[in-house]
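For the sequence shown, position 1 matches number 72 in this note's numbering, and the numbering has no gaps at all.
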Amino acid sequence: MSEKPKQNPFTGDQLQGTHYQKVDMTGANFDGVNLSGAKFYAVLTDAKFTDTNLQGADFDDVNLSNARLNNINFSGTQITYANLSNLKISGVTLEDAEISDANLTGMRINGVLVTDLFAAYDK
């Protein structure tokens, strides 16, 4: 018996691998979009990503402040030199995630200030 091919859930425009450079995408809505491998060098303030595939995407020198990310595949994604002010993360898998060279002022994990966690760890 042959296995039935999987149906592509992304039936709109295929945007994987697209390069967005020096673009103002303030308030943009990405709903059910396949952006795997896309490259962003853009302003994405107040942008909304819902049911979006961002696997292997590259966000470099981006402003994602106040952005909303719901049901996103971020596996293999890299974010460098980004403004993530007011970022809210919940119901996520952060397996093998790495954060370095970051300003963590006011950042909380499960209600606890990260700076307090580091202070406790140092003791």
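Ideal placement from N, C-alpha and C gives every residue a C-beta, glycine not left out. Owing to the predicted nature of the structure, the values given are computational and were not obtained by experimental measurement.
Same chain only: Cβ atoms within 8 Å of residue i, ignoring 5 sequence neighbours per side
i    : result
N174 : none
D95  : A113, V114
Those residues which DSSP pairs with residue i across a bridge
i    : result
T151 : D131
I180 : V183
A143 : Reading the sequence as shown, one finds Ile at residue 143 and not Ala. T123.
Q85  : The partner list for Q85 (beta bridge, DSSP) is empty, contrary to what the question assumes.
N137 : Per DSSP, none; premise fails for N137.
V114 : D95, N134
F101 : F120
Cβ shell of residue i (< 7 Å), same chain only, five flanking positions each side left out
i    : result
N144 : N124, L125, Q126
Residue i: CB within 7 Å of a non-hydrogen atom of the ligand GDP
i    : result
D167 : Annotation note on the ligand GDP: not contained in the displayed structure, which lists no ligands.
Own chain, CB closer than 6 Å to residue i, minus 5 neighbours either side, in chain order
i    : result
V185 : L175, M178
F101 : F120, T123
Whole-Å CB distance - residue i paired with residue j, under 8 Å assumed
i    : j    : result
A138 : L106 : Actually they do not touch by this definition, with Cβ atoms about 14 Å apart.
A109 : Y91  : 7 Å
T151 : D131 : 5 Å
task = Could you tell me whether the region 128-144 touches the region 164-172, using the rule of 3 or more Cβ pairs below 8 Å?
result = no
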